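Asker: Quick note: the sequence shown uses full-length UniProt numbering, first residue 1, plus one each step.
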Amino acid sequence: MSEILVLVEQVEGEVKKVTLELLTLARSLGTPSAVWAGPGLTDQAKARLAEYGADKIYVAASSDIVDYVVAPKAELLAQLVAATSPAAVLVAATSEGKEVAGRLAVKTDSGVITDAVGLGEGFVADQSIFGGGVNVQSKVSKGTPIVAVRPNSTAPEPAPGAGAEEEVSVTLSDAAKAARIVERVKQEKGARPELTEAAIVVSGGRGVGSADNFSIIEGLADSLGAAVGASRAATDAGWYPHQFQVGQTGKTVSPQLYIAAGISGAIQHRAGMQTAKTIVAINKDPEAPIFELADYGVVGDLHQVVPQLTEEINKRK
1 MSEILVLVEQ
11 VEGEVKKVTL
21 ELLTLARSLG
31 TPSAVWAGPG
41 LTDQAKARLA
51 EYGADKIYVA
61 ASSDIVDYVV
71 APKAELLAQL
81 VAATSPAAVL
91 VAATSEGKEV
101 AGRLAVKTDS
111 GVITDAVGLG
121 EGFVADQSIF
131 GGGVNVQSKV
141 SKGTPIVAVR
151 PNSTAPEPAP
161 GAGAEEEVSV
171 TLSDAAKAAR
181 IVERVKQEKG
191 ARPELTEAAI
201 VVSGGRGVGS
211 ADNFSIIEGL
221 ADSLGAAVGA
231 SRAATDAGWY
241 PHQFQVGQTG
251 KTVSPQLYIA
261 AGISGAIQHR
271 AGMQTAKTIV
281 AINKDPEAPI
291 FELADYGVVG
301 DLHQVVPQLT
311 EEINKRK
């Protein structure tokens, strides 16, 4: 089967879940090869990549790749594309991943698709566009297909691969060294999963009513091991930090389960979560647009429904 390159997302040697999703997706279309950019590949990380199907692991261990901003990863992938002629290149649709994809497309004179939520035979991608108002299928018509896939679009499934490590060297251009990273500040990691990678997200909107009332949303999220999100109305009101905003101008999530509490379902918010596998809406307005999208709906006051739901979940643990 044709080789498919998968750019590894990792933090301090720990492989992020989205990479396992990409490897799973790549296996359905060809033979996945993981690309490790920079130093820090551990035996545990290598085993993890092999566990999810990586036949090869290309390792470019030069610190230059991570000492400069984004561009070196694109140049590494461009050189691998030239050397291996892969069937496609898959990256995570994160802010950095999409920039890498765009730069790589220019370098390889190829087409690029971003924010794919599915990928089928012939590398036909499913996308949600125009603020979530239209679902389309797209295909790259020139060069090597470069596809940025949204986290949580594919359920990761292990299927052992050879995991053969292959060291590669990369020659960086002066342009790739134009912006150097001079300092890194480690962000304290909370107990909850990262919003864009979480399998379950509980979001609160205008109906929550206040910043203090967001403790109700957090309680439900913690009972499910979920991330907390918020609508634009809630973040604009100062009830929850903007980095947790879900929507067209915030984060795009695609979890297995999305619970929207007190969110009306404006198109701006729907654009950021409508690809969730299962959507549950809690709203006291039976005419709220969110119910058009929801798989399950509860018409009721979230201040009564959510605490009862949290209590019931905790009982069953």
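Ideal Cβ placement from N, Cα and C applies to all residues, glycine included.
Here the structure is a predicted model, which is why all the values come from computation and not from measurement.
Is the distance from the Cβ of LYS315 to the Cβ of GLU197 below 8 Å?
Answerer: In the sequence shown, counting from the first residue as 1, residue 315 sits at position 315. In the sequence shown, counting from the first residue as 1, residue 197 sits at position 197. No, they are not a contact pair.
Asker: Looking at SER203: is its Cβ nearer than 8 Å to the Cβ of ILE263?
Answerer: Taking the first residue of the sequence shown as 1, we reach residue 203 at position 203. Taking the first residue of the sequence shown as 1, we reach residue 263 at position 263. Yes.
Asker: Pick out the complete beta strand (DSSP E) segments inside the segment 110–146, 3 residues or longer, and give them in chain order.
Answerer: 112–120, 124–129, 134–139, all fully within the segment 110–146.
Asker: Going by C-alpha distance, which of ALA288, ILE65, ALA261 is nearest LEU309?
Answerer: In the sequence shown, counting from the first residue as 1, residue 309 sits at position 309. When only C-alpha atoms are compared, the closest one is ALA261.
Asker: Just the Cα atoms here: how many angstroms apart are ALA26 and ASP212?
Answerer: Along the sequence shown, one-based indexing puts residue 26 at 26. Along the sequence shown, one-based indexing puts residue 212 at 212. About 44 Å.
Asker: Do ILE181 and VAL147 come within 8 Å of each other at the CB atom, strictly closer than that value?
Answerer: Counted from its first residue, the sequence shown places residue 147 at position 147. Counted from its first residue, the sequence shown places residue 181 at position 181. In this structure, ILE181 does not lie closer than 8 Å to VAL147 by Cβ.
Asker: To the nearest angstrom, how far is the alpha carbon of ALA276 from that of VAL8?
Answerer: Reading the sequence shown from its first residue, position 276 is the one you call residue 276. Reading the sequence shown from its first residue, position 8 is the one you call residue 8. One C-alpha to the other measures close to 23 Å.
Asker: Using a 10 Å radius around the Cβ and a threshold of 16 neighbouring Cβ atoms, would you call GLN245 buried or exposed?
Answerer: Stepping through the sequence shown from its first residue, residue 245 is reached at position 245. Burial call: buried.
Asker: In the segment 233–283, which residue ranges form an unbroken alpha helix (DSSP H) of at least 4 residues, counting only runs that do not cross its ends?
Answerer: Listed in chain order, the complete alpha helix (DSSP H) runs (minimum 4 residues) inside the segment 233–283 are 267–270.
Asker: Measure the alpha-carbon distance for ALA45 versus GLN304 and round it to whole angstroms.
Answerer: Here residue 45 refers to the residue found at position 45 when the sequence shown is read from its first residue. Here residue 304 refers to the residue found at position 304 when the sequence shown is read from its first residue. Looking at the two C-alpha atoms, the distance is approximately 44 Å.
Asker: Given that a residue counts as buried once 16 or more other Cβ atoms are within 10 Å of its Cβ, and exposed if not, what is ILE259?
Answerer: Reading the sequence shown from its first residue, position 259 is the one you call residue 259. ILE259 comes out buried.
Asker: If you reduce the DSSP assignment to three classes, tell me which class LYS17 lands in.
Answerer: Position 17 of the sequence shown, counting from 1, holds the residue named residue 17. Of the three classes helix, strand and coil, the one that applies to LYS17 here is helix, per DSSP.
Asker: Apart from the five residues just before and just after LEU41, which ones in its own chain have a Cβ nearer than 6 Å to its Cβ?
Answerer: The count along the sequence shown starts at 1 and reaches residue 41 at position 41. Closer than 6 Å at the Cβ level, and outside the excluded window around LEU41, lie VAL59.
Asker: Tell me whether ASP295 is buried or exposed, calling it buried when 16 or more other Cβ atoms sit within 10 Å of its Cβ.
Answerer: Position 295 of the sequence shown holds residue 295. Under this definition ASP295 is an exposed residue.
Asker: Among GLU75, MET1, THR31, which has the Cα closest to the Cα of ALA37?
Answerer: Looking up residue 37 in the sequence shown gives position 37. Closest by alpha carbon: GLU75.
Asker: Among the candidates ALA199, GLU167, GLN268, TYR240, whose CA atom is the shortest distance from the CA of PRO151?
Answerer: As a first step, residue 151 is located in the sequence shown; it is residue number 151 there, counting from the start. Checking every option, the nearest Cα to that of PRO151 belongs to ALA199.
Asker: Going by beta carbon distance, what residues of the same chain come within less than 8 Å of PHE130, once the five residues before and after it are set aside?
Answerer: Taking the sequence shown and counting its residues from 1, the one referred to as residue 130 is at position 130. Counting only Cβ-Cβ distances below 8 Å, and skipping sequence neighbours, we find nothing.
Asker: Got a sec? Which residues, its chain only, sit under 6 Å from GLU167 by beta carbon, not counting five neighbours each side?
Answerer: By 1-based counting over the sequence shown, the position of residue 167 is 167. These residues qualify, in order along the chain: VAL59.
Asker: Does the distance from the CB of LEU22 to the CB of ALA92 come in under 8 Å?
Answerer: On the sequence shown, position 22 is the one that residue 22 refers to. On the sequence shown, position 92 is the one that residue 92 refers to. The answer is yes: Cβ separation under 8 Å.
Asker: Counting only the same chain and skipping the five closest in sequence on each side, list residues whose C-beta sits under 8 Å from that of GLU121.
Answerer: On the sequence shown, position 121 is the one that residue 121 refers to. Same-chain partners within the cutoff: LEU29.
Asker: So what's ILE57 in DSSP terms, helix, strand or just coil?
Answerer: Locating residue 57 in the sequence shown gives position 57, where the first residue counts as 1. Note: ILE57 maps to strand in three-state DSSP.
Asker: Check GLY207 in the structure and name its three-state DSSP category.
Answerer: The count along the sequence shown starts at 1 and reaches residue 207 at position 207. Helix.
Asker: So for PRO39, helix, strand or coil by DSSP?
Answerer: As a first step, residue 39 is located in the sequence shown; it is residue number 39 there, counting from the start. Coil.
Asker: With H, G and I counted as helix, E and B as strand and the rest as coil, what does DSSP make of SER153?
Answerer: Translated into the one-based positions of the sequence shown, residue 153 becomes position 153. Correct three-state label for SER153: coil.
Asker: Output needed for SER231: all residues of its chain with C-beta closer than 6 Å, excluding positions within five of it in sequence on either side, in chain order.
Answerer: Within the sequence shown, the letter at position 231 stands for residue 231. These residues qualify, in order along the chain: GLY205, ILE263, HIS269.
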